[in-house]
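Undergrad: Chains as they are written, first to last, in full-length UniProt numbering: chain A, 1 to 308; chain B, 1 to 308; chain C, 1 to 308; chain D, 1 to 308; chain E, 1 to 308; chain F, 1 to 308. Glycine is no exception: its CB is placed at the ideal position from the N, C-alpha and C atoms. Have a look at this one.
Number of protein chains: 6
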Amino acid sequence: MIEVGQTYDFFGKVNLIDDSTYESYPVNVTTENNETVIVRVKQSKKVELNKIYFFNTKAIEFKDKIHLEASNFTPIEDTDIEDENREKLMKFFYEYAPINIVDIKKDIEVAIGQIKNKVIKDISDKIYQRFQKDFYLYPAASKFHHAYISGLAYHTHSMLRLSEGFMAVYPFLNRDLMVSGIILHDICKIFEFTSYENSEYTIKGKLIGHISMGVNLIHEVAKDLGYEESEEVMLLEHILISHHYYGNFGSPKKPNIAEALMIHFIDNIDSKACVLGEELDLVNKGELTKSMPVLDRERYYKHHLTNE
Amino acid sequence: MIEVGQTYDFFGKVNLIDDSTYESYPVNVTTENNETVIVRVKQSKKVELNKIYFFNTKAIEFKDKIHLEASNFTPIEDTDIEDENREKLMKFFYEYAPINIVDIKKDIEVAIGQIKNKVIKDISDKIYQRFQKDFYLYPAASKFHHAYISGLAYHTHSMLRLSEGFMAVYPFLNRDLMVSGIILHDICKIFEFTSYENSEYTIKGKLIGHISMGVNLIHEVAKDLGYEESEEVMLLEHILISHHYYGNFGSPKKPNIAEALMIHFIDNIDSKACVLGEELDLVNKGELTKSMPVLDRERYYKHHLTNE
Amino acid sequence: MIEVGQTYDFFGKVNLIDDSTYESYPVNVTTENNETVIVRVKQSKKVELNKIYFFNTKAIEFKDKIHLEASNFTPIEDTDIEDENREKLMKFFYEYAPINIVDIKKDIEVAIGQIKNKVIKDISDKIYQRFQKDFYLYPAASKFHHAYISGLAYHTHSMLRLSEGFMAVYPFLNRDLMVSGIILHDICKIFEFTSYENSEYTIKGKLIGHISMGVNLIHEVAKDLGYEESEEVMLLEHILISHHYYGNFGSPKKPNIAEALMIHFIDNIDSKACVLGEELDLVNKGELTKSMPVLDRERYYKHHLTNE
Amino acid sequence: MIEVGQTYDFFGKVNLIDDSTYESYPVNVTTENNETVIVRVKQSKKVELNKIYFFNTKAIEFKDKIHLEASNFTPIEDTDIEDENREKLMKFFYEYAPINIVDIKKDIEVAIGQIKNKVIKDISDKIYQRFQKDFYLYPAASKFHHAYISGLAYHTHSMLRLSEGFMAVYPFLNRDLMVSGIILHDICKIFEFTSYENSEYTIKGKLIGHISMGVNLIHEVAKDLGYEESEEVMLLEHILISHHYYGNFGSPKKPNIAEALMIHFIDNIDSKACVLGEELDLVNKGELTKSMPVLDRERYYKHHLTNE
Amino acid sequence: MIEVGQTYDFFGKVNLIDDSTYESYPVNVTTENNETVIVRVKQSKKVELNKIYFFNTKAIEFKDKIHLEASNFTPIEDTDIEDENREKLMKFFYEYAPINIVDIKKDIEVAIGQIKNKVIKDISDKIYQRFQKDFYLYPAASKFHHAYISGLAYHTHSMLRLSEGFMAVYPFLNRDLMVSGIILHDICKIFEFTSYENSEYTIKGKLIGHISMGVNLIHEVAKDLGYEESEEVMLLEHILISHHYYGNFGSPKKPNIAEALMIHFIDNIDSKACVLGEELDLVNKGELTKSMPVLDRERYYKHHLTNE
Amino acid sequence: MIEVGQTYDFFGKVNLIDDSTYESYPVNVTTENNETVIVRVKQSKKVELNKIYFFNTKAIEFKDKIHLEASNFTPIEDTDIEDENREKLMKFFYEYAPINIVDIKKDIEVAIGQIKNKVIKDISDKIYQRFQKDFYLYPAASKFHHAYISGLAYHTHSMLRLSEGFMAVYPFLNRDLMVSGIILHDICKIFEFTSYENSEYTIKGKLIGHISMGVNLIHEVAKDLGYEESEEVMLLEHILISHHYYGNFGSPKKPNIAEALMIHFIDNIDSKACVLGEELDLVNKGELTKSMPVLDRERYYKHHLTNE
């Protein structure tokens with residue numbers, strides 16, 4: 001029960017923005033309590049569709065209806081809410097990776113912390129620090145796989161886990177290159193999409209792409225740190241360049257170091273296994289999934305065996 | 001020093017077989033002590049080129065030279081020598097997988113032992129029991145990868161190890177199908193080659209191939225055990241049929257269950273990583289390997305980083 | 001005119017099955033006289049959609065309407081109706097190959113009878129005897145070509161006819177392999193579809209496929225007859241394996257004997273010529289057919305020339 | 001025994017032509033009796049390497065040796081020798097199709113004679129009459145298949161035989177188009193090679209090719225006969241244009257009439273079956289042929305079964 | 001204001017043709033003044049949909065309405081209207097190339113006039129004279145590029161302009177072959193479409209195609225002029241044959257002379273650049289065009305830079 | 001005639017370097033007068049094979065022979081010789097582009113000078129200034145096309161010339177992007193090869209490639225100049241990224257702006273036309289060139305027509 005004159009502060013997601021000739025315009029908002037309210041925003045201020053804000057409002061009467069007049073609103077990324085709560089809100093409002101970001105973040109930071117090679121460590125650290133907020137928000141793709149909030153971090157984390165087995169069986173793989181390569185390989189996806197909630201391609205994403213943007217980023221950071229001529233920089237750039245393997249998937253070079261090859265394999269497997277697992281969850285035993293584009297449009301059979 | 005009249009019993013590999021009009025013919029043999037001797041074999045008995053035998057001989061004088069007259073000879077597979085010693089001899093005489101067969105055998109048998117599903121367990125057991133001797137002798141391919149004695153077991157073992165990580169990250173994978181599928185996927189390679197020492201293709205290998213022979217084998221064993229109509233049999237057959245993924249690599253069906261897809265990935269990765277590791281071992285840091293057919297004829301760079 | 005109390009026995013095809021809370025449920029049936037009647041079937045018994053049954057019924061009054069109460073019903077395959085009559089009924093109720101099954105059957109049995117090689121003859125006979133009923137009912141494909149009742153037998157028969165010319169021109173072809181290979185090449189299509197009336201793929205059809213099932217079948221029959229090690233069995237299996245030629249059409253091996261190559265050609269030609277003939281029949285001279293998927297989506301021109 | 005002053009008239013093939021400063025130059029010739037003689041030819045006249053001539057000669061003494069001075073010599077195509085004898089000589093001197101040209105010619109002329117459609121008959125007749133001498137001499141290809149004297153006629157004849165079965169099974173095929181299309185499809189191969197004995201490509205063969213030359217030829221003859229606008233001409237041209245089916249095999253259009261499709265199949269089959277039969281003849285039962293380029297570089301197995 | 005009894009003469013395009021049982025039938029016509037009128041045409045005469053005619057009419061009253069009775073009508077191609085006016089009318093009634101035909105015609109005739117080689121000049125002249133009316137009317141394709149009235153001439157003209165630069169940079173190109181090859185390369189497109197206003201494929205277009213028809217045309221004209229055996233004819237035919245480069249785009253031969261290669265490049269570039277320019281015109285700076293089939297379905301970005 | 005005690009200063013190219021235990025080692029040098037001399041170099045100094053130096057020497061007697069003892073030597077790039085003379089020397093010692101570098105340089109600098117857009121001008125200028133020495137020395141490829149000294153500048157210059165015609169016919173092309181894109185598109189080839197005289201690939205060339213290095217270079221220079229966020233930088237980077245068009249030729253993105261597409265066409269044409277022109281020069285009229293890898297291994301015919 002909203003009462004006129006009372007203040008109401010809450011997180012809410014913008015569903016619809018209407019025009020108005022009044023000095024404020026009405027915005028349809030879903031609140032964190034799953035209620036739908038009309039918030040009035042001053043003409044001089046802009047909210048964006050599909051985004052979550054923390055709204056400070058006061059209930060007013062407006063043409064026989066009760067509206068909430070916003071005195072202030074802040075995008076969720078700019079509030080100082082705790083990670084755990086933010087994740088809870090994100091999961092409520094958006095399609096979200098089926099993971100616990102707090103745990104994943106811990107794992108990823110441990111992995112970076114264990115890099116021994118100074119060049120690789122410094123570059124990885126600097127890039128991670130600069131972009132970590134977006135890194136935990138963006139999807140890994142606009143469709144096909146991990147196409148939801150935090151998909152990028154989820155995908156990166158699965159790849160790190162999978163890489164453990166590879167490093168155990170193939171001792172010729174360098175651990176630092178594997179870890180850093182996995183963390184950086186898709187990081188410029190955050191520039192490929194217009195925003196994390198709305199994964200449309202930017203012009204720069206279309207014309208340059210995350211692979212070349214990633215190489216530019218490593219080149220620039222290496223230059224700042226004075227590592228421009230080191231072999232490590234060349235190797236990291238090579239891993240980024242070659243991780244799609246095939247030219248017609250966007251890699252201008254095929255892998256030519258063992259780590260690049262293995263990161264390609266792991267990336268490819270996780271992008272497919274993730275989708276496969278999700279689709280198998282949607283059908284009953286004895287049935288076929290729907291046709292999956294990332295798996296050559298094949299339908300997979302869910303058999304009756306279990307691990308119990 | 002060989003003395004006429006003395007008996008000499010030893011393992012040796014046949015290098016050359018000469019014709020003779022005498023009642024015995026001379027055979028050039030390398031002994032387990034790395035000596036080259038001439039063994040005379042009765043016309044009525046046949047030795048085969050390239051094979052290892054246990055020879056019982058007596059030194060005789062023959063046309064002014066000392067030859068060893070064979071009273072008996074037994075192929076090494078038919079002697080009751082211990083596994084460890086046999087392996088030592090094999091490694092001495094042949095190009096051999098860089099592994100310890102005793103350890104690998106233990107691991108593989110543990111894996112079979114842990115299969116819980118009765119149908120899968122019975123079929124896997126029966127096939128393994130029937131062919132285990134050859135399973136530990138044959139190569140995995142005539143060239144390209146694991147193309148040496150025991151290559152098949154070495155490859156199978158690496159795949160089992162690698163599959164552990166996959167099962168940890170992707171809980172929808174059924175452990176029994178994974179283990180049995182890996183062990184059986186290439187087992188009919190033992191019929192594709194004329195012998196383990198001499199990996200030429202048989203006519204049956206060329207006309208039918210290990211994939212269809214493998215399906216026939218599972219079908220036959222399942223029928224004997226009364227499991228013909230079970231889903232498990234269909235799934236195992238499907239794993240064999242689809243493990244090369246692409247039709248032009250010999251798979252009449254693409255994978256349509258999760259385990260088949262993952263076994264394909266693991267098989268593909270190990271066949272490439274094994275070659276890559278071996279070729280990197282042959283070059284110095286800062287150099288390129290030679291062009292590798294299994295890796296799209298690419299040459300790989302051996303960088304200067306290490307895990308120390 | 002149906003009269004209450006009279007009995008009516010007839011063949012009919014099930015069009016629609018309704019639920020009911022009574023002890024019998026109503027089934028919409030088209031009779032062999034092309035009338036639509038309501039048959040009531042006891043809850044304890046199941047009829048299947050789309051199938052033809054011989055119904056023994058008595059007319060009753062049910063809620064002011066006249067229904068036919070079924071005392072008994074038998075699937076047409078299990079009645080002892082003569083071939084000729086069954087064919088007439090099938091052609092009435094279903095889309096059906098444009099052939100006379102009685103004649104075709106005679107030709108096919110003559111061909112099997114003329115096989116001289118004992119191994120090939122025994123295997124062909126045994127498989128034919130076991131599956132002949134379905135062999136004359138199933139389609140050859142679920143779409144694309146010969147996709148109607150008896151399509152498999154029609155296709156097989158055309159291939160046998162076409163093969164005569166090949167054997168005349170190319171004397172190196174073995175007649176027994178050609179005949180047996182043609183008859184067996186697609187026989188496991190009867191397991192690829194859920195039923196002859198309803199050509200949906202079974203899970204086994206999707207995961208294993210008629211090629212590998214066919215090889216398993218020959219392997220199993222050869223084993224039963226003690227022919228397992230004969231060259232003939234290997235050759236027949238090879239013909240099945242390779243008859244699609246290309247891996248991406250499901251053949252794990254390319255043809256490597258002359259007969260396999262020729263059966264591939266004949267199979268391919270008949271699957272296309274049959275569709276082409278049917279589509280040309282549907283258009284006027286001077287027109288183009290519709291685009292045909294089996295013919296690279298091309299449209300063919302029907303010219304004005306005739307053989308008169 | 002050649003005697004000076006005697007005349008010697010004989011067929012012979014030129015093996016070697018030497019320079020000379022005398023008024024005649026020496027030519028090394030193999031005679032129809034398989035002797036090697038030196039024929040002296042006047043400087044003003046030219047013989048060509050590899051060709052057969054009828055030589056009129058007289059034995060002379062030349063620098064202590066006996067040479068045969070040619071008073072006259074005539075290319076075998078210009079002598080009025082009977083077909084049968086010419087064929088015997090050709091077979092003696094060249095690699096030659098394994099056929100009897102007299103019989104084949106009879107068959108081909110019967111086929112042309114049975115064409116009923118006047119347009120097709122007139123065009124076929126006129127082209128056949130104009131080029132029949134070369135038609136029976138040229139090979140069908142410079143390598144790959146039918147690459148020997150009379151290969152073109154041999155190939156055409158086999159295609160006509162094979163087409164009989166097709167026309168029996170598929171009644172929608174027009175017999176006149178089939179016969180004429182087969183006879184004309186490769187006829188301009190006679191312009192693709194520099195001569196029948198020496199199958200090198202002409203510049204025109206390389207730049208225009210037998211397909212476009214064939215279309216030009218039909219166009220030109222049709223124009224001469226006043227048939228330019230008839231459907232028959234368009235259909236014959238279309239058959240020529242499309243008989244290789246695929247653009248990358250030289251066909252600018254895919255078949256779009258039934259007869260064109262079937263002629264493509266028959267052409268393709270005969271070009272492969274002919275090579276396959278010849279290679280199988282060269283190996284023993286139980287062996288593999290050598291790898292054959294026209295058969296995707298596959299080796300074929302010669303099994304032990306026969307038609308006896 | 002149309003008055004009964006008055007005569008009205010005008011150009012008009014036929015939009016709709018109705019049946020009638022009267023002795024004349026009503027035709028819906030758009031006039032050159034953009035009015036819609038009903039013209040009545042005698043049953044014995046036929047107008048064609050979509051075509052432009054010059055109508056001589058008299059206004060009559062017909063069942064209470066005013067219709068225009070046609071005493072005569074002439075297709076625009078058969079009137080002796082001046083080029084400039086005809087073009088104005090065509091542009092009014094049809095989608096039309098964005099060019100001035102008068103200028104283009106002048107340029108093309110100058111180019112033909114400058115050909116020095118007599119064989120090439122005579123052939124080009126004769127073909128141009130014979131078909132020039134249609135040459136300036138037909139489109140260059142039925143869709144994809146230059147798919148509007150006069151598209152063929154527009155495309156040819158752009159190619160001539162572009163070729164200038166090529167000839168300047170690569171002096172090994174023969175100017176006469178370039179000019180004639182460009183003018184003739186697509187000329188038989190006029191036979192590929194049923195009419196210039198209505199670019200549907202003719203049967204001959206589908207079965208033979210403009211490439212083979214073009215070769216036939218050159219062959220025929222060369223024969224008439226006695227140039228049949230000249231190298232020039234072979235070269236021109238080769239340019240036509242090879243100008244699509246790839247077999248699967250309709251060229252039975254790849255280019256094998258420099259001019260053929262360059263004409264292929266120029267043809268390919270202009271067919272793409274024309275579409276690209278037209279699509280860029282349709283969007284604003286900062287936007288993407290729609291996906292273009294001739295450009296691998298890519299969307300292009302219109303940037304903000306200009307040449308001012 | 002070399003006299004002991006005299007000094008000799010000259011340019012020479014190192015052909016062979018021998019070991020020696022003396023304090024100087026002997027080097028086989030070809031001088032600018034085409035004489036072969038032995039120059040002795042101090043052990044502490046290194047000359048490189050295949051390079052040109054300016055040698056300051058004095059003739060000495062060494063073990064009964066006359067050697068030239070080097071007091072000093074300078075690589076030709078570090079001498080202050082005039083462009084024209086350096087070019088003359090280069091052409092004498094190396095395989096060299098068939099051009100006049102002085103003229104080409106003038107043209108290229110004029111083109112850069114005419115760039116109007118400040119961002120594009122500043123970036124182009126800065127890169128050109130930094131690398132111009134190497135730009136005029138390196139080849140454009142290690143084989144295939146322009147594979148000789150100055151090949152890169154030659155290729156760039158031809159592309160600029162060819163682009164003029166494109167800009168005239170297609171007014172939607174931006175002149176500044178065209179010029180700058182052409183000059184920069186291959187500039188990082190100077191890092192792909194170990195040296196200009198010896199076009200072997202560097203590891204960085206193999207692992208990163210000139211395309212990604214080029215993008216990095218533009219990114220870095222743009223950053224230094226403060227242009228990082230401008231559209232122009234994105235467009236230039238896109239041109240570099242996409243100029244090979246196809247992924248399997250090294251382009252991670254297809255062209256998506258008109259200028260990128262046209263630069264791709266021009267690059268492709270010049271790389272082929274250059275080779276074609278060179279090969280046509282090597283054969284007589286009426287002959288075929290050798291098979292050319294850049295032209296799909298085709299052989300081209302040199303016809304008899306000329307432009308005179």
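1) Just checking: is the beta-carbon of P255(A) within a distance shorter than 7 Å of some beta-carbon in chain F?
2) Can you tell me where the beta strand (DSSP E) holding H294(E) begins and where it ends?
3) Which full runs of the alpha helix (DSSP H) of 4+ residues lie inside the region 92-165 of chain A, going along the chain?
4) Going by the beta-carbon positions, is the gap between residue 313(E) and N15(E) smaller than 7 Å?
5) Is the beta carbon of A111(E) less than 7 Å from the beta carbon of V221(E)?
6) Pick helix, strand or coil for H304(C), following the three-state DSSP scheme.
7) Please classify S180(D): does DSSP put it in a helix, a strand, or coil?
8) Keeping to the same chain, check which residues put their C-beta closer than 8 Å to that of N284(B); ignore five residues upstream and five downstream.
9) Which residue from Q43(E), Y148(E), P139(E), I182(E) puts its Cα closest to that of Y109(E)?
10) Measuring straight from C-alpha to C-alpha, what distance separates F55(D) and N268(D)?
11) Give every residue of the same chain whose Cβ lies closer than 7 Å to the Cβ of K133(B), excluding the five residues on either side of it in the sequence, and list them in chain order.
12) Which runs of the beta strand (DSSP E) spanning at least 3 residues fall entirely within the UniProt domain "HD" (154-270) of chain C, listed in chain order?
13) Against chain I, with Cβ distances strictly below 7 Å, would N307(E) count as a contact?
14) Could you check whether G247(F) and G214(A) sit closer than 7 Å to each other, using their CB atoms as the reference points?
15) Over what stretch of residues does the beta strand (DSSP E) that includes N34(E) continue unbroken?
16) Is H304(D) buried or exposed, if buried means 16 or more other CB atoms sit within 10 Å of its CB?
17) With 16 other CB atoms within 10 Å as the buried threshold, where does F249(F) fall?
18) When we look at the beta-carbon of H9(C) and count the other beta-carbons within 10 Å, is it buried (16 or more) or exposed?
19) List the residues of chain D whose Cβ lies closer than 7 Å to the Cβ of K189(E), in chain order.
20) Who pairs with S24(F) in a beta bridge, going by DSSP?
TA: So, from the listed chains and residues:
1) At a cut-off of 7 Å between beta-carbon atoms, P255(A) makes no contact with chain F.
2) Correcting the residue type first, residue 294(E) is Val in the shown sequence and not His. Premise fails: V294(E) is in no beta strand (DSSP E) and is neither H nor E.
3) Restricting attention to alpha helix (DSSP H) runs no shorter than 4 residues, the region 92-165 of chain A encloses them at 101-113, 118-135, ordered along the chain.
4) Outside the displayed range of chain E (1 to 308) lies residue 313(E), so it cannot be described from this structure.
5) no
6) coil
7) DSSP places S180(D) in helix when its eight states are reduced to three.
8) K302
9) Here residue 109(E) turns out to be Glu, not Tyr, going by the sequence shown. Nearest C-alpha to E109(E): I182(E).
10) 42 Å
11) E77
12) 193-195, 198-201
13) In the displayed structure, chain I is absent; the protein chains listed are A, B, C, D, E and F.
14) no
15) Secondary structure note for N34(E): it is in no beta strand (DSSP E), with a DSSP letter that is neither H nor E.
16) exposed
17) Answer is exposed; the Cβ neighbour count stays below 16.
18) Note that residue 9(C) is Asp in the sequence shown, not His. D9(C) should be labelled exposed.
19) None at all; the shortest Cβ gap to chain D is about 14 Å.
20) According to the DSSP secondary-structure assignment, S24(F) is paired through a beta bridge with K42(F).
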